[in-house]
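So this is what it looks like as structure tokens:
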């Protein structure tokens, strides 16, 4: 915060975790202090991991931003392949997508059999272009598994591509939770939980279960002085998300650097 004020920073670039910390620190300031410290900030760029709509909204509201830019990519693609445009307007584009496909880059979304899916349908994102790496150093097998003979690179990300060239990350292929035969994307649960006014961050994941195959686990970081229990969260979820996506859990309270963390486990 001191650097933002001292250097009169115009652009803040970081990961969602960094932005969550900025929101937390900024929320401790008075409205007048926020206006002063963030007066020079034109926009925020987020990358490295998916940022929730709720956190993006909090950034806009807390910092008084007019614009934010999301980008998508990976080390293997040098790295960015999607990015919001500076002249982008509209809440949907800012909050719901990772931007527009970049120049000289091809993208397609395929199903498990490698067939291209219709626009608006989730599947695995493949990228092709000069941005792609040549291969993994001294790992021929991993290179073959990732890049096909036609030079399409498999990202391993569940992705939705729209007809106008914008992209939306659904989650990681390997992070997909299959509970009793139902496919559950962790990102969907995380974004919903983060709409709770007392939640700062949430991370969902699958936990092995003998009966269901997998159960839904989630770790929640609360805002300062906030208090929630499992019944509060279940009540918040009821009727708003599918019943099979609500974690069947107990709560263990941990203390990490003064922040309250709820870790949910299956019964």
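Numbering (the numbering used here), first residue to last: 1228 to 1494.
Quick reminder that beta carbons are idealized off the backbone N, C-alpha and C, glycines included.
Everything numeric in this text was worked out from a predicted model, so none of it was measured.
Look at residue 1267 here: in three-state DSSP terms it is coil, with no helix or strand label. Between the alpha carbons of residue 1455 and residue 1420 lies a gap of roughly 12 Å.
The beta carbons of residue 1384 and residue 1352 sit about 5 Å from each other, so the pair counts as a contact at 8 Å. With a beta-carbon spacing of about 7 Å, residue 1432 and residue 1402 fall inside the 8 Å limit used to define contacts. Beta-bridge partners assigned by DSSP to residue 1366: none are found. The three-state secondary structure of residue 1357, taken from DSSP, is coil. 1240 is the residue among 1240, 1304, 1280 whose C-alpha sits nearest the C-alpha of residue 1268. A direct Cα-Cα distance of roughly 28 Å separates residue 1377 from residue 1276. For the 8 Å CB-CB criterion, residue 1411 and residue 1430 do not form a contact. When DSSP reads this structure, residue 1297 sits in a beta bridge with 1273. The Cβ atoms of residue 1453 and residue 1425 sit closer than 8 Å to each other. Taken through DSSP and simplified to helix, strand or coil, residue 1400 comes out as helix. Residue 1237 is not a Cβ neighbour of residue 1289, given a cutoff of 8 Å. By the Cβ criterion, the stretch 1348 to 1367 is in contact with the stretch 1291 to 1310, since at least three pairs of Cβ atoms, one from each stretch, lie closer than 8 Å. Residue environment: residue 1409 is assigned as exposed (fewer than 16 neighbouring CB atoms within 10 Å of its CB, all protein chains considered).
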